[in-house]
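Residue numbers (the numbering used here): 20 to 387. Just so it is clear, CB atoms sit at the ideal spot from N, CA and C, and this is done for glycine as well.
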Ligand SMILES: Cc1cc2nc3c(=O)[nH]c(=O)nc-3n(C[C@H](O)[C@H](O)[C@H](O)COP(=O)(O)O)c2cc1C
């Protein structure tokens, strides 16, 4: 299913072909997944409440936790335990681990398997200095022998599928992902997710689909999951067509448009692409996300919820002044009253650009 050329993206027969494959779902190791569109991990965001509310909208094949420090998890640190909190409705789920000591990562994976977690993902793509400074993250992708030893050790330690998430390499001169993916397949990795940028790129420039394609071509049979800059149904389909990847992981696009997975499913089912959630559905989503967060964190949810608002504002038609108020609210009552006002004034918003997008370059986000 390798294609090139923009015009193929609009070819309906290609969409039909994708839809046929779609009904077959995808196998990752021993796991059968019903959709090839996955939620990529976004530390600080892709926690239980967000995963649940997104899953309720439909179309997610697999979600992964924020990255979890293997040693801190084994030490029972509260924050790490919170990151792996889950719920029967939060399935299928992988836990993403990072660390530089293979015994520790393997022990953490075993610990998770013993507690019923169905998949382990190993982070090799996080270029944040505090992660690669400890030998984990993107630095692992440059030390292929060490990376394979670590993953091989984890694969031996558990029965559940072990997957790896990586970038294309450290920089343009060191595109290690294709060879690394092939080597990781040889030690039993069940699938590879590749974000089509180098570590040096941060979040700049555009995703290199050729690079992702070279990873697809380098492995023998394991699925490759393409990742990066998928914001629309067309982006998702282009990712599949132009790279030949087996599945697509979507991160920021899911915060900008929580319905993106549902939209992809609709498109693949041959339904109209101009569908939009109603005002009730949009407000229902906002309230439900907050309620799930409150269920987990109690009143602390008021503070934790605020950071989502800059991503949601434009998509949910929240007038700018009410978006500002949602970034400061302090109680459930205040949240309710703001939601009521959003309902009454929905659609007054002037800008359809998410506030978060404007701010990304200055935050820690650019370092992932
Ligand atoms: C705020 C933020 C947090 C992230 N956290 C993680 C993480 O915990 N683990 C990981 O492998 N990648 C992480 N990433 C990278 C994303 O999973 C993804 O590879 C990247 O954002 C590109 O995909 P997208 O354009 O669909 O967001 C993070 C990215 C962002 C913006």
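| Item | Value |
| --- | --- |
| Opening and closing residue of the alpha helix (DSSP H) in which residue 331 lies | 320-334 |
| Neighbour-count burial assignment, residue 278, 16 or more Cβ in a 10 Å radius | buried |
| Residue 173, enclosing beta strand (DSSP E) - first and last residue | From DSSP, residue 173 is part of no beta strand (DSSP E) but of the alpha helix (DSSP H) over 163-176. |
| Beta-carbon gap between residue 129 and residue 176 smaller than 8 Å | yes |
| Extent of the continuous beta strand (DSSP E) run through residue 187 | 181-188 |
| Reduced DSSP secondary structure (H/G/I, E/B, other) of residue 45 | strand |
| Residue 64 beta carbon near ligand 1 (any heavy atom closer than 7 Å) | yes |
| DSSP state of residue 340 mapped onto helix, strand, coil | helix |
| CB contact flag (residue 200, residue 174, <8 Å) | no |
| heavy atom of ligand 1 below 7 Å from residue 184 C-beta | yes |
| Three-way DSSP call (helix, strand, coil) for residue 372 in this model | coil |
| Extent of the continuous beta strand (DSSP E) to which residue 116 belongs | 112-117 |
| Spatial distance of residue 205 from residue 368 (CA atoms) | 53 Å |
| Beta carbon of residue 164 nearer than 8 Å to that of residue 195 | no |
| Cβ shell of residue 234 (< 6 Å), same chain only, five flanking positions each side left out | 196, 197, 200, 213, 243 |
| Beta strand (DSSP E) segment containing residue 245, residue limits | 243-246 |
| Nonlocal neighbours in the same chain, by C-beta distance under 6 Å from residue 148, ignoring five residues either side | Here residue 148 scores only 47 on pLDDT, less than 50, and its place in the model is too uncertain to base an answer on. |
| Check: residue 214 C-beta below 7 Å from any heavy atom of ligand 1 | yes |
| Proximity to residue 256 [Cα-Cα], best of 325, 280, 140 | 280 |
| Contact test: residue 276 Cβ vs ligand 1 heavy atom, cutoff 7 Å | no |
| Check whether residue 332 and residue 366 have beta carbons under 8 Å apart | no |
| Residue 50, enclosing alpha helix (DSSP H) - first and last residue | From DSSP, residue 50 is part of no alpha helix (DSSP H) but of the beta strand (DSSP E) over 50-52. |
| Cβ distance (whole Å) where residue 179 is taken to contact residue 170 below 8 Å | Rounded, the Cβ-Cβ distance is 14 Å, inconsistent with contact. |
| Three-state class that DSSP yields for residue 61 in the structure shown | coil |
| Residue 59 Cβ short of 7 Å to ligand 1 heavy atom set | yes |
| Minimum C-alpha distance to residue 342 - residue among 327, 352, 351 | 327 |
| Collapsed DSSP secondary structure at residue 288 in the structure displayed | coil |
| Spatial neighbours of residue 312 in its chain, beta-carbon cut-off 7 Å, leaving aside the 5 residues before and after | 68, 320, 323, 324 |
| Beta-carbon proximity check, residue 58 vs residue 211, cutoff 8 Å | no |
| Among 46, 291, 362, nearest to residue 111 - alpha-carbon criterion | 46 |
| Cβ-based neighbour list, residue 105, same chain, cut-off 7 Å, excluding 5 preceding and 5 following | 67, 112 |
| Residue range of the unbroken beta strand (DSSP E) whose run includes residue 390 | Missing from the structure shown is residue 390; the chain here goes from 20 to 387 and no further. |
| Selected residue, minimal CA-CA separation from residue 91, among 56, 60, 78, 127 | 127 |
| Near ligand 1: residue 219 beta-carbon under 7 Å from a heavy atom | no |
| Proximity of residue 124 and residue 116 at Cβ, strictly below 8 Å | yes |
| Supposed close pair residue 252, residue 283 - CB separation, criterion 8 Å | 5 Å |
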